[in-house]
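Student:
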Amino acid sequence: MDKAYIPLQLETRIYRYWEEQGFFAPAGAGDPYCIMIPPPNVTGTLHMGHAFQDTIMDALIRYQRMQGRQTLWQTGMDHAGIATQMVVERQLNAEGSSRSALGREEFVERVWQWKRESGGWINQQLRRMGASVDWSRERFTMDDDLSAAVTEVFVRLHDEGLIYRGKRLVNWDPVLHTALSDLEVLQSDEAGHLWHLRYPLADGDGSVVVATTRPETMLGDSAVAVHPDDSRYRQLIGREVLLPLVGRRIPVVADEYVDPEFGSGCVKITPAHDFNDYEVGLRHALPVYNIFDDNAAINDLAPEKYRGLDRLLARERIVADLDALELIERIEVYEHKVPRGDRSGAIVEPYLTDQWYVDIKPLAKPAIEAVESGRIRFVPDNWSNTYFEWMHNIQDWCISRQLWWGHRIPAWYDDDGHIYVARSEAEARDKHGLAPHVPLRQDDDVLDTWFSSGLWPFSTLGWPNRTLELATFYPGSVLVTGFDIIFFWVARMIMLGLKFMDDVPFREVYIHGLIRDQDGQKMSKSKGNVLDPIDLVDGVDLETLLAKRTAGLMQPHLEPKIEAATRQQFPHGIEAYGADALRFTFAALATTGRDIRFDLGRIDGYRNFCNKLWNASRYVLMNTENCDDGALELSPTDRWIRSRLNRTIKSVHENFARYRLDLVAQAIYDFTWREFCDWYVELSKPVLQSPEMSAAVQRGARSTLLDVLETVLRLLHPLMPFITEEIWQQVGPRAGAKGATIMLQPYPQTQVEWHDNAAETELAWVMQFILGIRQIRGEMDISPGKPLPVLLHGAGALDEELALRHAPLLARVGRVESVRALADGEQPPAAATALLGDMRLLVPLKGVIDVEAERTRLAKRREKTAAELQRARNKLQNGSFVNNAPAEVVKQEQTRAADFERALLQLDDQLAQLDSLAAS
RNA sequence: GGGCGAUUAGCUCAGGGGUAGAGCGCCACGUUGACAUCGUGGAGGUCGGUGGUUCGAAACCACCAUCGCCCACCA
């Protein structure tokens, strides 16, 4: 092995090897285990959230694969209708062209072209992260077979009456010119005004005042509403108002919807442009006056002077005109919710159009029950509340989009406006007996992207065909995703899976947090705080990073600020940490149910961990070159580390089961560094490097080094696949493992014969001995290299036995020159002290040590011990504690008190000796 | 207006009815035959506040404060 750990080259080499060997495909006859990747946007790039999510999935997949499960990680990409269409349109605009200039067919061809160019990029990034997805099964939502599944689902739902076409208000995005589902509309708090308008009564006798945040909609008013019980307005009900500027006579109606407390208690009703008003209009059979065109400009139904004006310009004119007529009662500054399209950012208008809808309640009911009954489990569980909340209040799903990129709706129209839904035009003609000469025109619209992603768990496996894959891998085991798409995606997969597969699409939904920057800010292009995971893996220089962060900003004026912040945080760019370090960092941060601040300090530390593992492996390899299979004896040290490893394995399995990858990472990290490297490797040195050790004991140490390291590599592999493979290629065979890759080795299991309490107790004694000496050394400023003589005061038979048995370890690791027990009655010399149970370790001072310094040191320890003792005594003197606490807690407290008491006596005794020494 | 989450060392975070934890950072020492991307020792916290339950609360409960997120048609 090279002396230095350099991840870049080995990681790419190893990934190529795995892929070429086909290790990622499901294999064996084990219990199936399947994860569906949340398909990323085909033209997108990998961001930190993806990298985090992919790390979690890959860890689970590799863990289960090593457990012998038949494991499928289904990969693929989403066509992401609106997002992709916008990207390509922007490209066209930059070229001075446009979507409409190209026409539908050419535009769609252009999108496919762009998909082919950029679509591979995210896959390269996935590979760089080490994702063990089955590339041979990669799917795209617009593949022929997946598209066929979409059509099939649409037709079946339609034939069952669960998809219908209806004219009603939708959220209309006047920039993208498409309808949006409720989920695609974000409500943002914005400063605005509340205009109080005065409408004269038609008979000239008085007026009413209505309030609105959108005065331009008054052109479409068809009534004024008051609450039926509002005594102020009871006499107005049934009378008419003369709508200013328009001149229309509109009725005053009574409706419970009106809140008498708000504003004047009178509401203008605009059924065509407000969801509530639409309902009121239906209840009172009011006419619907649509006054917008699809750009949200005023149309020809409005008075001529406003026609063609954009809604905001129209607003200004109308307010001015009403003001001139003295019909503005007052204008209030008012903060209110403004609905905006999640992609375009445009203010969305309620707009009356024909759209396709899914009648969702019949699908929602079993989907709710599936989570209630526990057939699907959310991890952490509190997300099920969020799910229920939305599912219980679910509205019909508008699935048609006025876009060109997506699945064309399988509906055809004849010249009379009849609608024929079928799998193809031919089927439509066949089904409805339409002659070939009857002209049919397919619906221009495409389906909401989530309609096809909702089928992902079964469309990727071959549905509607009854494939072997479907039988094997549906339902999937767990869905790993962020909370932001519980409604968009998770809920819809559950509904559609239950509907078409008659079973849930997955058993568990693991919801992870959002990756934020070091200040807790959401990472976003416009904030200029985005980190590209690949930059952390392979490194990036400052100039490239700056260019990335400032290119194509929507608000160019932020550039200097972003540049300054970036220069400050990364004065030298970002170094190459390698995929393993980044993955381990993600795992260590993957605590459930909370967002993650990505802290560069952590990745630094975990890169160091890689280096530690690398070098410990070099040590093991160097010291196990000449192994023979002669008789072998395991020392207490060997048995101790195996026992500790066993505990670690247990904890790793438990935490995988709970999706607590942070605790998995921590358990392995602590064992590897704190126990294996810091102690076992050090303790093995005196055994392997001194000639007087027996060959059997040396063999025991060598085989333990190999066994433990080889096991750690397998344990760690799901989190750090590359470095573990690289090292395993050498360590595995030497440890007796056979196979071409660590990926397909069995995952470590606990072994009862490794469990050894006696060895753990014995080594605790050794470590405490060495720690005591080190403490004296550190606090008394004695050079770490200087060998020290140690006297045992008050040693029992067992202490003497252990001291003798482990003398080589104490000598080498503790830098102890000699150990001798004081004889009975022998006067101890002036010494620095450490406590080990009932025994005192004495390091004779002999001028090496400053007596005053030792006194201070001991006094400090005494103070701490006395405080602890006092607390324990207080407890034990408290009658209610002794009477009420469980016996074992009381016993434990008594033991503690006794220990402190003994320690205190030892310390007092030692302090007295220092005094007598100083006096003499 | 409803719901959820967070508040523990300078920073990022685990933990959890009985002894306050890790990593990073900080201080001191160190060329020990794997590793300075390291080793050894050390300093550092009345676990957001108030009340309650309990023999015992940082942990459980209630309320409050601050921060964050989600959902909701008050014009």
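FYI, the numbering for the first sequence is 2 to 921, going by our numbering.
All C-beta atoms, glycine included, are put in the ideal place defined by N, C-alpha and C.
Fair warning: this is a prediction, and the values are worked out from it, not measured in the lab.
1. Counting only the same chain and skipping the five closest in sequence on each side, list residues whose C-beta sits under 6 Å from that of residue 668.
2. In the structure shown, what three-state DSSP assignment does residue 353 receive?
3. Cβ of residue 914 within 8 Å of Cβ of residue 831?
4. Could you work out which residue in 250, 353, 73, 460 is closest to residue 501 when comparing CA atoms only?
5. Tell me which residue opens and which closes the beta strand (DSSP E) that residue 170 is part of.
6. Looking at C-alpha atoms only, which residue of 327, 643, 171 is the closest neighbour of residue 751?
7. Going by C-alpha to C-alpha distance, which of 247, 377, 748, 260 sits closest to residue 277?
8. Tell me where the beta strand (DSSP E) around residue 413 begins and ends.
9. Figure out for me which residue from 213, 201, 258, 263 has the closest Cα to the Cα of residue 249.
10. Pop quiz: residue 30 and residue 71 are said to be a contact at Cβ under 8 Å. What is the actual Cβ separation, rounded to whole angstroms?
11. Along the chain, which unbroken stretches of the beta strand (DSSP E) at least 3 residues long are found entirely within the region 359–431?
12. Can you tell which of 741, 696, 622 has the C-alpha that lies nearest to the C-alpha of residue 682?
13. Residues in the same chain with beta-carbon distance under 6 Å from residue 274, minus the five sequence neighbours each way, listed in chain order, please.
14. Going by alpha carbons, who is nearest to residue 945 out of 325, 144, 286?
15. Could you check whether residue 408 and residue 447 sit closer than 8 Å to each other, using their CB atoms as the reference points?
16. Could you tell me the distance, in whole angstroms, from the CA atom of residue 551 to the CA atom of residue 520?
17. Per DSSP, which residues does residue 42 bridge with? Please list them.
18. Could you tell me the alpha carbon to alpha carbon distance between residue 638 and residue 692, rounded to whole angstroms?
19. May I have the straight-line CA-CA distance separating residue 363 from residue 399, to the nearest angstrom?
20. How close, in whole Å, do the beta carbons of residue 247 and residue 288 come, if the pair is a contact with beta carbons under 8 Å?
21. For a minimum of 4 consecutive residues, which ranges assigned as the alpha helix (DSSP H) are wholly contained in the region 707–773?
22. Measure the alpha-carbon distance for residue 708 versus residue 673 and round it to whole angstroms.
23. Have a look at residue 739 and residue 710 and give me their C-alpha separation to the nearest angstrom.
24. Which of the three DSSP states, helix, strand or coil, is assigned to residue 28?
25. Leaving out five residues before and five after residue 732 in sequence, what residues of the same chain have Cβ atoms less than 6 Å from its Cβ?
26. Of the residues 32, 61, 23, which one's Cα is nearest the Cα of residue 38?
27. Can you give me the Cβ contacts of residue 216 inside the same chain, cut-off strictly under 6 Å, excluding the 5 residues immediately before and after it?
28. Could you pull out every residue in the same chain whose Cβ sits closer than 6 Å to the Cβ of residue 2, ignoring the five residues on either side in sequence?
29. Which residue wins for smallest C-alpha separation from residue 366, given the options 703, 388, 403?
30. Could you give the DSSP three-state label for residue 187: helix, strand or coil?
31. According to DSSP, what are the bridge partners of residue 336?
32. By Cβ distance, which residues of its chain are closer than 7 Å to residue 684, with the 5 residues on each side in sequence left out?
33. Between the alpha carbons of residue 311 and residue 293, how many angstroms are there, rounded?
34. May I ask you to report which of helix, strand or coil DSSP gives residue 866?
35. When the Cα atoms are used, what is the spatial distance from residue 22 to residue 646?
Tutor: Judging by the given coordinates:
1. 649, 652, 653
2. strand
3. yes
4. 460
5. 164–174
6. 643
7. 260
8. 412–414
9. 201
10. 7 Å
11. 378–380, 412–414, 420–422
12. 622
13. 218, 221, 351
14. Residue 945 is absent from the model: the chain starts at 2 and stops at 921.
15. yes
16. 20 Å
17. 79
18. 18 Å
19. 15 Å
20. Contact flag wrong, Cβ pair sits at about 13 Å.
21. 722–735
22. 13 Å
23. 16 Å
24. coil
25. 710, 711
26. 61
27. 196, 316, 319, 320
28. 619
29. 388
30. strand
31. 192
32. 638, 810, 814
33. 9 Å
34. helix
35. 31 Å
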